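Student: Protein chains in written order, with our numbering: chain A, 1 to 172; chain B, 173 to 344. The beta carbon of each residue, even a glycine, is placed where N, CA and C say it ideally should be. Bear in mind that the values here come from a model prediction, so they are computed numbers and not experimental data.
What follows is the structure, encoded as structure tokens:
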């Protein structure tokens, strides 16, 4: 029984992550979507740790085995939570979702010109630059943008590296 | 410990097979191919452990209990989904990541909003995603009008519903 509790801990933690994230955002405990996602991740990490350690206490294992199971559960939870983060982020930033949404709101059909009136590169660039400015990933100096915090830059370089490794190209 | 080792070995073998396949030829439907490859590797790994584990002289290194196999499978599925969500950023350039890379390339001199707009226009950011909607059967192009398909409606509905749960606007 405790072995199954240990195995299912990452799934329970993901549920805690989702509930905590929604609650934080809806009740305004933290400012903004990104912070609610971090809060959810933290709550889930706590749940996976407590459940795994609790299960190992009921059914003790040698120290190396116990450490390995804790590590594996944390990795599994991190991967599941990353998928949830990406799902929420898709709704926030995915262009295809936004284009489909515009089509639905227009009754199901639009010309390209109508689509570009409702959603275009200029609007998209403004929205994304504003998000990057808000998160201080990019900072403005005399009307020009320079790199601020390096988080998104590191992600961009990691994606570029993977693109070279897997697809052997740098651009779409 | 064996559960952790087998989980990581299986994930590494799957990634190696993925790289090898992509070196020979990149499949047309990449996400579907990745899913097939990953679940194929998982099934083969579980069958191997189930068959070899109990009969092996060092059976302690071959986990074969249902809970242990489930934990390996859960880790594998979580890593596969996490990789596939990341892979979408390899297939399609994310505007935010492109903006940050472009800003980083400009160095201390920085880049203006107009310079970014000249590079990231509708041809770069919007029209390729409209073509993706057609390719994936989420919209049809009838002479000059894009019309959403039932598949496109279902896909968008998931994100629209979830953003409603989160109390968020259109996104994009």
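If you measure beta-carbon to beta-carbon, which residues of the region 104-119 of chain A are closer than 8 angstroms to chain B?
Tutor: Against chain B - using a Cβ distance shorter than 8 angstroms - the residues of the region 104-119 of chain A are 104, 108, 109, 110, 111, 112, 115, 116 and 119.
Student: Name, please, each residue of chain B whose Cβ falls closer than 8 angstroms to the Cβ of residue 10 of chain A.
Tutor: Simply 246 and 250.
Student: Take the Cβ of residue 213 of chain B as the centre, count every other Cβ of all protein chains shown within 10 Å, and call the residue buried at 16 or more, exposed below.
Tutor: Flag for residue 213 of chain B reads buried.
Student: Should residue 19 of chain A go down as buried or exposed, given a rule of 16 or more other Cβ atoms within 10 Å for buried?
Tutor: So residue 19 of chain A counts as exposed.
Student: Taking 8 angstroms as the threshold, find out whether the region 33-51 of chain A comes into contact with the region 6-19 of chain A through three or more Cβ pairs.
Tutor: With a cut-off of 8 angstroms, the region 6-19 of chain A and the region 33-51 of chain A count as touching, because enough Cβ pairs lie within range.
Student: Here's a check: name, in chain order, each residue in its chain whose Cβ is nearer than 8 angstroms to the Cβ of residue 189 of chain B, leaving out the five neighbours to either side.
Tutor: Cβ neighbours of residue 189 of chain B beyond the five flanking positions: 209 and 213.
Student: Quick check for students: name the residue ranges of the alpha helix (DSSP H) that lie wholly in the region 24-103 of chain A, counting only runs of 4 or more.
Tutor: Runs found: 33-58 and 63-93.
Student: Hey, does residue 196 of chain B have any beta-carbon neighbour from chain A nearer than 7 angstroms?
Tutor: Chain A, which has no Cβ nearer than 7 angstroms to the Cβ of residue 196 of chain B, makes this no.
Student: Beta-carbon within less than 6 angstroms of residue 234 of chain B's beta-carbon, same chain only, minus the 5 sequence neighbours each way: which residues are those?
Tutor: 221, 224, 225 and 228.
Student: May I ask which residues mark the beginning and end of the beta strand (DSSP E) holding residue 138 of chain A?
Tutor: Run containing residue 138 of chain A: 138-141, per the beta strand (DSSP E) assignment.
Student: Quick test of your reading: residue 272 of chain B and residue 142 of chain A, contact by CB under 8 angstroms. State the CB separation rounded to the nearest angstrom.
Tutor: Incorrect: roughly 19 angstroms between the Cβ atoms, too far for contact.
Student: Considering only the alpha carbon of each residue, which of A:92, A:135, A:28 and A:59 lies closest to residue 332 of chain B?
Tutor: Considering only alpha carbons, the answer is A:92.
Student: Interface residues of chain B around residue 121 of chain A at Cβ under 9 angstroms?
Tutor: Per Cβ cutoff of 9 angstroms: 267, 289, 292, 293, 294, 295, 296, 297 and 298.
Student: I'd like to know whether the C-beta of residue 125 of chain A is nearer than 7 angstroms to at least one C-beta of chain B.
Tutor: Closer than 7 angstroms: yes.
Student: Would you mind reading off the limits of the alpha helix (DSSP H) that contains residue 119 of chain A?
Tutor: Element bounds for residue 119 of chain A: n/a, residue is neither H nor E.
Student: Quick one: what's got a C-beta closer than 8 angstroms to residue 6 of chain A's C-beta in the same chain, skipping five residues either side?
Tutor: The answer, listed in chain order, is 51, 52, 55, 56, 59, 69 and 73.
Student: Could you tell me whether the Cβ of residue 186 of chain B comes closer than 7 angstroms to any Cβ of chain A?
Tutor: No, residue 186 of chain B lies away from the interface with chain A (no Cβ there is under 7 angstroms from its Cβ).
Student: Assign residue 327 of chain B to one of two classes, buried (16 or more other C-beta atoms within 10 Å of its C-beta) or exposed (fewer than that).
Tutor: Residue 327 of chain B is buried by the Cβ-count criterion.
Student: Tell me, please, whether the CB atom of residue 312 of chain B is closer than 7 angstroms to any CB atom in chain A?
Tutor: With 7 angstroms as the cut-off, residue 312 of chain B does not count as an interface residue toward chain A.
Student: Would you mind giving the Cβ-Cβ distance between residue 206 of chain B and residue 159 of chain A, rounded to the nearest angstrom? I have them listed as a contact below 8 angstroms.
Tutor: So it is not a contact: roughly 16 angstroms between Cβ atoms.
Student: Contact criterion: CB-CB distance below 7 angstroms. Does residue 306 of chain B meet it with respect to chain A?
Tutor: Chain A contact via Cβ: absent.
Student: Is residue 111 of chain A buried or exposed, if buried means 16 or more other CB atoms sit within 10 Å of its CB?
Tutor: Residue 111 of chain A should be labelled exposed.
Student: Could you give the C-beta distance for residue 95 of chain A and residue 298 of chain B, rounded to a whole number, given that I count them as a contact under 8 angstroms?
Tutor: Right, the Cβ-Cβ distance comes to about 7 angstroms (below 8 angstroms), so this counts as a contact.
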